[in-house]
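Q: Handing you a structure now.
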Amino acid sequence: MKKYGVWIIVFVCLVFLPLLKLEGYYYRTLCGILLWVGLASAWNITSGFTGYIDFGAVGYFGIGNYATALLMTKAGIPFFAALVISGLISTFIAVFIGRYTMKLRGVYFGIATLAFAEAVKQIVLEFDRTFKVTVFEGSHGITLPIAHDEAFFYYTFLVVVAGIVLTAFMIDRNKFGYALKAIKEAEGSAELAGINTGRYKVSAYALTAFLIGILGGINAYWLTYISPLDVFSVIHTIHMIIMALFGGIGTVFGPVIGAFVLSIANEVIGAKFLYTYLLMLGVILLLVVIFLPQGFIGLLSLRRFKK
Amino acid sequence: MSLLAIRNLLKTFGALRALNDVTFDVGEGEILGIIGPNGAGKTTLFNVIVGLYRPDGGDILFRDKSVKNLLPHQICRVGITKTSQVVHPFLTLSVKENVLVALMFGRNLTKRESEIKADEILEFLNINDVKDMPSTAISLAKRRRLELARALGTGAEIILMDENLAGLNPRELEEGMEIIRELKRKGKTLVVVEHIMRAIMGVCERLIVLSYGEKIAEGLPIEVCSDDTVITAYLGEKICSV
Chain A
4 MKKYGVWIIV
14 FVCLVFLPLL
24 KLEGYYYRTL
34 CGILLWVGLA
44 SAWNITSGFT
54 GYIDFGAVGY
64 FGIGNYATAL
74 LMTKAGIPFF
84 AALVISGLIS
94 TFIAVFIGRY
104 TMKLRGVYFG
114 IATLAFAEAV
124 KQIVLEFDRT
134 FKVTVFEGSH
144 GITLPIAHDE
154 AFFYYTFLVV
164 VAGIVLTAFM
174 IDRNKFGYAL
184 KAIKEAEGSA
194 ELAGINTGRY
204 KVSAYALTAF
214 LIGILGGINA
224 YWLTYISPLD
234 VFSVIHTIHM
244 IIMALFGGIG
254 TVFGPVIGAF
264 VLSIANEVIG
274 AKFLYTYLLM
284 LGVILLLVVI
294 FLPQGFIGLL
304 SLRRFKK
Chain B
-4 MSLLAIRNLL
6 KTFGALRALN
16 DVTFDVGEGE
26 ILGIIGPNGA
36 GKTTLFNVIV
46 GLYRPDGGDI
56 LFRDKSVKNL
66 LPHQICRVGI
76 TKTSQVVHPF
86 LTLSVKENVL
96 VALMFGRNLT
106 KRESEIKADE
116 ILEFLNINDV
126 KDMPSTAISL
136 AKRRRLELAR
146 ALGTGAEIIL
156 MDENLAGLNP
166 RELEEGMEII
176 RELKRKGKTL
186 VVVEHIMRAI
196 MGVCERLIVL
206 SYGEKIAEGL
216 PIEVCSDDTV
226 ITAYLGEKIC
236 SV
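Have a look at this one:
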């Protein structure tokens, strides 16, 4: 437990942080960081633990955004109920998509999931114009009611993200997690050892979609305005991948560290060096991949087997 | 009654008949050896039995029930698993965790129950000393032993061993043979593919010879290896006399 004490302290500090009477800017930055910690950790459950690199995770983020927005504005469902339903819609779609895409391997899985996310974006973008209806509002996007202060979103993000990290933490040690790791290392051997690899892969994929869908729902209410090109942007998926890689893919706290560091970098360095920031980020990432293939966390823990 | 019955098994890869009308039985508690030249279809046979490949004809019966349409994990639960010739451990997991996975999923145990059983298996196979090492860091001999540990972990009644003794030094080989005999005493049924004739003659009670996907001989080891067809197809010289 001592090893994880630092994370409990971090969490407690975050709980009491609003007592400092922060300005709006800091709240928004913190919410942004939490959102990315959640997204990278949720992405890591499928891609980090099973090794199936998902390039379409943003699809479920967008689905969560739109589901919550539509449920709140068109059906008048309260926020938290809408959030849960959004997560479930996301899961439902993921079970269907996962059953087919999870049979593919390596880069083909990446291509298929990327195509899925792009397809959903196009559907949301063009549905209304094609069928002469007003459901998704096309490229106009949807505006949500403004009802809460920054602290409300901060705590919502904090609880959900802590829940996601805790989920990853538990999966890392339980039976479900062993199945995922066995699949990552040797899928054939996993089958021979009695693991129903198909079912476990789809379960992981659906769980990731559920968590990302919920984060998408909060995002919609937090930003109060969403449009397909924003919430379905492939750059979000790339961010999740980079953050997980940077921190340490397949570990519990790697994506947390990666998302934290890169979000801050984005905020601080990005503001100062508007044009060269992406270049610097690219160089840093290259160095990490070459010299720290286990990510940043590899530096801290110095591998689990070292004696 | 035979525990495992292979009936007219056919497997083709394009125009090649990797297995052609192969029929044999494996009795309960038996150690059956399968020999034959490279490319005879020995590994293909194993892969078809455990469900990694779909057969193109014939049937596989386990306790008189067909298992030919099951997936590998289902066949494992039914009671058949194999150790692979090219070892594929779960690399980032420790030796003990490798066995844990097999116990948890092959026998559907909880993690805690599996911990105890894993120690027993590692003890039995004499690789307890490396149980906390990553499976990348152990010698080939121990990796082969680990492959067997995983197979035992699943609790399968029949273990198909694909060249589990290849590449070992004489002492390791002797140990490996003793383990096979010990497994028989514990009631396991084993099908052993091996090129090392000393090991085959030392442990097997019955032999089958495959050549170009067909069964060309079957019988007691001593009979089979003095068979002229077998000598021409595989052995090359007479290694034993009746």
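The listed protein sequences correspond, in order, to chains A and B.
Sequential numbering from 4 applies to the first sequence in our numbering.
Sequential numbering from -4 applies to the second sequence in our numbering.
For each residue, glycine too, the CB sits at the ideal point set by N, CA and C.
(1) With a cut-off of 8 Å on the beta carbons, I'd call F263 (chain A) and I174 (chain A) a contact; round off their distance for me.
(2) Could you tell me the alpha carbon to alpha carbon distance between I26 (chain B) and T87 (chain B), rounded to whole angstroms?
(3) Pull up the distance between the alpha-carbon of A3 (chain A) and that of Y28 (chain A), whole angstroms please.
(4) Cβ closer than 7 Å: which chain A residues qualify as neighbours of H83 (chain B)?
(5) Measuring CB to CB, does R145 (chain B) end up less than 8 Å from N93 (chain B)?
(6) Are I167 (chain A) and L214 (chain A) closer than 8 Å when you measure CB to CB?
(7) Answer yes or no: do K178 (chain A) and M99 (chain B) have a C-beta to C-beta separation smaller than 8 Å?
(8) Let me check understanding here. Comparing Cα to Cα, which of B:L66, B:F8, B:I217 and B:P84 lies closest to R201 (chain B)?
(9) Indicate the three-state DSSP secondary structure (helix, strand or coil) for K310 (chain A) in the structure shown.
(10) To which residues of the same chain is A97 (chain A) closer than 7 Å at the C-beta, ignoring the five residues directly before and after it?
(11) Return the chain-ordered list of same chain residues with a C-beta closer than 7 Å to the C-beta of L135 (chain B), the five sequence neighbours on each side being excluded.
(12) Whole-angstrom Cβ separation of G113 (chain A) and I149 (chain A), contact assumed at under 8 Å?
(13) Helix, strand or coil: which one does DSSP assign to G36 (chain B)?
(14) Where does A161 (chain B) fall in DSSP's three states?
(15) How many angstroms separate the CA atom of V198 (chain B) from the CA atom of T38 (chain B)?
(16) List the residues of chain B that K184 (chain A) touches, going by C-beta distances under 9 Å, in chain order.
(17) Going along chain B, which residues have a C-beta under 7 Å from L195 (chain A)?
(18) Can you tell me which of the three DSSP states D222 (chain B) falls into?
(19) List, in order along the chain, the chain B residues whose C-beta lies closer than 9 Å to that of N177 (chain A)?
(20) Pull the bridge partners of G150 (chain B) from the DSSP assignment, please.
(21) With DSSP as the reference, label P81 (chain A) as helix, strand or coil.
(22) When the Cα of V188 (chain B) is compared with those of B:G22, B:S109 and B:N42, which residue comes out closest?
(23) Between the segment 147 to 174 of chain B and chain A, which residues of the former have CB atoms less than 8 Å from a CB of the latter, in chain order?
(24) Below 9 Å between beta carbons is the criterion; list the residues of the segment 42 to 59 of chain A that meet it against any residue of chain B, in chain order.
(25) Look up M105 (chain A) in the DSSP assignment and give the residues it is bridged to.
(26) Per DSSP, what are the beta-bridge partners of D54 (chain B) in this structure?
(27) Compare the Cα-Cα distances from L37 (chain A) to each of A:P258, A:G191 and A:K77 and report the closest residue.
(28) Just verifying my parser: in three-state terms, what is the DSSP assignment at S142 (chain A)?
(29) Evaluate contact between the segment 64 to 71 of chain B and the segment 112 to 121 of chain B, counting only Cβ atoms and requiring at least three cross-stretch pairs below 8 Å.
(30) Sort out for me which residues DSSP pairs Y228 (chain A) with in a bridge.
(31) Is F256 (chain A) buried or exposed, if buried means 16 or more other CB atoms sit within 10 Å of its CB?
(32) Distance cutoff 8 Å, beta carbons only. Does T200 (chain A) sit that close to anything in chain C?
(33) Is DSSP giving S93 (chain A) helix, strand or coil here?
(34) Going along the chain, which residues of its own chain have a beta-carbon closer than 8 Å to the beta-carbon of Y48 (chain B), five neighbours each way excluded?
(35) Name, please, each residue of chain A whose Cβ falls closer than 7 Å to the Cβ of F57 (chain B).
(36) Note the first and the last residue of the continuous alpha helix (DSSP H) segment covering S109 (chain B).
A: Let me lay it out:
(1) About 20 Å separates the beta carbons of F263 (chain A) and I174 (chain A), which is beyond the 8 Å limit, so they are not a contact pair.
(2) One C-alpha to the other measures close to 33 Å.
(3) Chain A is shown only over 4 to 310; residue 3 (chain A) falls outside these bounds and no answer can be derived.
(4) Residues of chain A passing the Cβ test: A189, G191 and S192.
(5) Yes. Within cutoff.
(6) Taking 8 Å as the Cβ cut-off, I167 (chain A) and L214 (chain A) qualify as a contacting pair.
(7) In terms of Cβ geometry, K178 (chain A) and M99 (chain B) form a close pair [threshold 8 Å].
(8) It is B:I217.
(9) A caution first: K310 (chain A) carries a pLDDT of 36, below 50, which makes its placement in the model too unreliable to give a value.
(10) Result list for A97 (chain A): Y63, Y208, A209 and A212, in chain order.
(11) Excluding residues within five positions, the ones whose Cβ falls inside 7 Å are G162.
(12) The C-beta distance from G113 (chain A) to I149 (chain A) rounds to 38 Å, too long to fall under 8 Å, and the pair is not in contact.
(13) Note: G36 (chain B) maps to coil in three-state DSSP.
(14) In the structure shown, A161 (chain B) sits in coil (DSSP, three-state: anything other than H, G, I, E or B).
(15) If you take the alpha carbons of V198 (chain B) and T38 (chain B), they lie about 20 Å apart.
(16) Correct list: F85, T87, L88, E92 and V96.
(17) Chain B residues near L195 (chain A): V45, P67, C71, T76 and K77.
(18) D222 (chain B) falls in the coil class under three-state DSSP.
(19) Those are K106, listed as they occur along chain B.
(20) None, per the DSSP bridge assignment.
(21) Here P81 (chain A) sits in coil by DSSP.
(22) The candidate whose alpha carbon is nearest that of V188 (chain B) is B:N42.
(23) Cβ contacts with chain A: G148 and T149.
(24) The segment 42 to 59 of chain A vs chain B, Cβ under 9 Å: nothing.
(25) The beta-bridge partner set that DSSP reports for M105 (chain A) is empty.
(26) In the DSSP output, where bridge partners are listed per residue, D54 (chain B) has B:R2.
(27) Of the candidates A:P258, A:G191 and A:K77, the one whose C-alpha sits nearest the C-alpha of L37 (chain A) is A:P258.
(28) S142 (chain A) sits in a helix when the DSSP states are folded into three classes.
(29) With fewer than three CB-CB distances shorter than 8 Å, the segment 64 to 71 of chain B does not count as touching the segment 112 to 121 of chain B.
(30) A:T146, per the DSSP bridge assignment.
(31) Buried, since its Cβ has 16 or more Cβ neighbours within 10 Å.
(32) As a matter of chain content, chain C is missing from the structure shown, whose protein chains are A and B.
(33) Assignment of S93 (chain A) by DSSP, reduced to helix, strand and coil, places it in the helix class.
(34) Within its own chain, the residues whose Cβ lies closer than 8 Å to the Cβ of Y48 (chain B), once the five positions on either side in sequence are excluded, are K6, T39 and N42, listed in chain order.
(35) Correct list: empty, because the minimum Cβ distance to chain A is about 15 Å.
(36) Per DSSP, S109 (chain B) belongs to the alpha helix (DSSP H) from K106 to F119.
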